[in-house]
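The next block holds one structure in the form of structure tokens; read it before the comments.
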Amino acid sequence: MSDAPQPVLGVVITHGGAARGLVDAVARISGVDTDALIAISNDGLAPEALRERVDRAVGGRRAVLFTDLASGSCAVAGHLCCRGQGTRALVSGVNLPMLLDFVFHRDLELEPLVERLVEKGRESVRAVLPGDG
Amino acid sequence: MSIDLVRVDERLIHGQVVVGWGERLRPQRYVVADDELAGSAWEQELYALAAPPDAEVAFVPVSEARARLAEWRADDRVTFVLLRSVEALCALAEGGGLDGLTVNLGGLHAGEGRREHLPYLHLSPRDEAALDALAAAGVGLEARDLPTSRGVPWREPTPDAGAGAPPPPRGGDGA
């Protein structure tokens, strides 16, 4: 029996259907077990109900909560779920490259994992201006 | 007149308010009238993150907001006043400080004992009675989640409801 910690769970919390779309895209691209990520929409949920839904999804597991915006209802719910918890972290500004990296590095400790995800997310934002190339 | 939006929305400062309404009305001041948040510095910081960096954000107890309504209405700065419940709205309206304004009912979501009026507006019988009393006292009330949506005056029958009766609950949970 292994003493290795359970892989980190990812919970994607967004407005509308963005979370479901992102999780679906990760599964289609990576082929990784979709249990790695849970999608939650804030549609129709009061703040407390959204927080409870996220709390229930995470349970006692180590988790990274991904939110679309850095503020607003999804982020507030995420912050409240992380508050006082040593096993949960939050990353806002979620994007697909970040999630693709996440599903392959779920065995890392939370702190290096989050640092890595933020870097992956940032470095994936590129622009091609008119006249470039 | 510089209070451009008085809104009841459980989410307070969030995307619909800052982007949907904010991009159109360009508020210079967001006032969150909420007894709980007025006493929680870390939550204030969290909510204030959602506001544009050049806007003033104030968190005050409802009683203080009521006392300052006239000041904000006389001020030139465009102001949003945000509340999380009908109960807070009633407390704010005491003394007639909202006379002449139309209150926006923008986001009260499904919950125990609440009936759906619109996908983003769910009210308890107590809320309904309180809104009826406010309307009778002359406070304008309009349900509208975003400025691009059609505003629905309070108690206007919807396609799902018979005239004069509150609409029955409907499925769906979009907001």
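Chains as they are written, first to last, in our numbering: chain C, 279 to 411; chain R, 378 to 552.
Don't be surprised by glycine CBs; every beta carbon is placed ideally from N, CA and C.
It should be emphasised that the depicted structure is a prediction, and the values quoted were computed from it without experimental measurement.
Per DSSP, the bridge partner or partners of residue i
i	result
A341 (chain C)	C:L287, C:R366
E493 (chain R)	R:H499
Y407 (chain R)	R:V434, R:F457
R384 (chain R)	R:L459, R:N481
A507 (chain R)	In the DSSP output, where bridge partners are listed per residue, A507 (chain R) has none listed.
T292 (chain C)	C:S319
Environment of residue i [buried if 16+ CB atoms lie within 10 Å]
i	result
A432 (chain R)	buried
T525 (chain R)	exposed
D411 (chain R)	buried
V403 (chain C)	exposed
G294 (chain C)	exposed
F436 (chain R)	buried
A405 (chain C)	exposed
I380 (chain R)	buried
Q284 (chain C)	exposed
G416 (chain R)	exposed
E400 (chain R)	exposed
G350 (chain C)	buried
R400 (chain C)	exposed
F382 (chain C)	exposed
Q393 (chain R)	buried
E471 (chain R)	exposed
Residue i CB to nearest heavy atom of the ligand NAP below 8 Å
i	result
V336 (chain C)	The model on display carries no ligand, and the ligand NAP is accordingly not part of it.
Alpha-carbon to alpha-carbon, residue j and residue i
i	j	result
G477 (chain R)	A425 (chain R)	28 Å
E387 (chain C)	L469 (chain R)	48 Å
A540 (chain R)	L446 (chain R)	Unreliable placement is indicated for A540 (chain R), whose pLDDT of 40 sits below 50; no coordinate value is reported for it.
R298 (chain C)	A317 (chain C)	5 Å
H357 (chain C)	R340 (chain C)	15 Å
W419 (chain R)	V332 (chain C)	20 Å
L460 (chain R)	D509 (chain R)	18 Å
K398 (chain C)	P375 (chain C)	7 Å
Y407 (chain R)	R394 (chain C)	35 Å
A506 (chain R)	L377 (chain C)	47 Å
G288 (chain C)	A512 (chain R)	46 Å
V480 (chain R)	A427 (chain R)	22 Å
Y497 (chain R)	R388 (chain R)	12 Å
L407 (chain C)	V396 (chain C)	24 Å
E413 (chain R)	V529 (chain R)	30 Å
P543 (chain R)	D313 (chain C)	Interpretation of P543 (chain R) is limited by its pLDDT of 43, a score under 50 that renders its predicted location unreliable; the figure taken from the coordinates is listed afterwards. P543 (chain R) and D313 (chain C): Cα-Cα distance of roughly 43 Å.
A324 (chain C)	G488 (chain R)	8 Å
C352 (chain C)	L485 (chain R)	16 Å
L402 (chain R)	L523 (chain R)	12 Å
P531 (chain R)	G309 (chain C)	The question names Pro, yet the displayed sequence has Trp at residue 531 (chain R). Near 50 Å, if we compare the C-alpha coordinates of G309 (chain C) and W531 (chain R).
R384 (chain R)	G338 (chain C)	37 Å
L495 (chain R)	D385 (chain C)	44 Å
F457 (chain R)	W398 (chain R)	9 Å
I307 (chain C)	F380 (chain C)	13 Å
V304 (chain C)	V336 (chain C)	19 Å
Which of helix, strand or coil DSSP assigns to residue i
i	result
G484 (chain R)	strand
H357 (chain C)	helix
V406 (chain C)	coil
S319 (chain C)	strand
G356 (chain R)	Absent from the model: residue 356 (chain R). The displayed extent of chain R is 378 to 552, so no value can be given.
A514 (chain R)	coil
E519 (chain R)	strand
F380 (chain C)	helix
CB contact below 9 Å: residue i versus chain R
i	result
V354 (chain C)	yes
A303 (chain C)	no
G350 (chain C)	yes
G322 (chain C)	yes
L347 (chain C)	yes
A327 (chain C)	yes
H293 (chain C)	yes
H383 (chain C)	no
Chain C within 9 Å of residue i, Cβ atoms only
i	result
L508 (chain R)	no
G397 (chain R)	no
E505 (chain R)	no
P524 (chain R)	no
R406 (chain R)	no
L564 (chain R)	Chain R is shown from 378 up to 552; residue 564 (chain R) falls before or after that span and cannot be answered.
L482 (chain R)	no
H391 (chain R)	yes
H486 (chain R)	yes
L402 (chain R)	no
Within-9 Å CB hit, residue i to chain D
i	result
A335 (chain C)	The structure shown contains no chain D; its protein chains are C and R.
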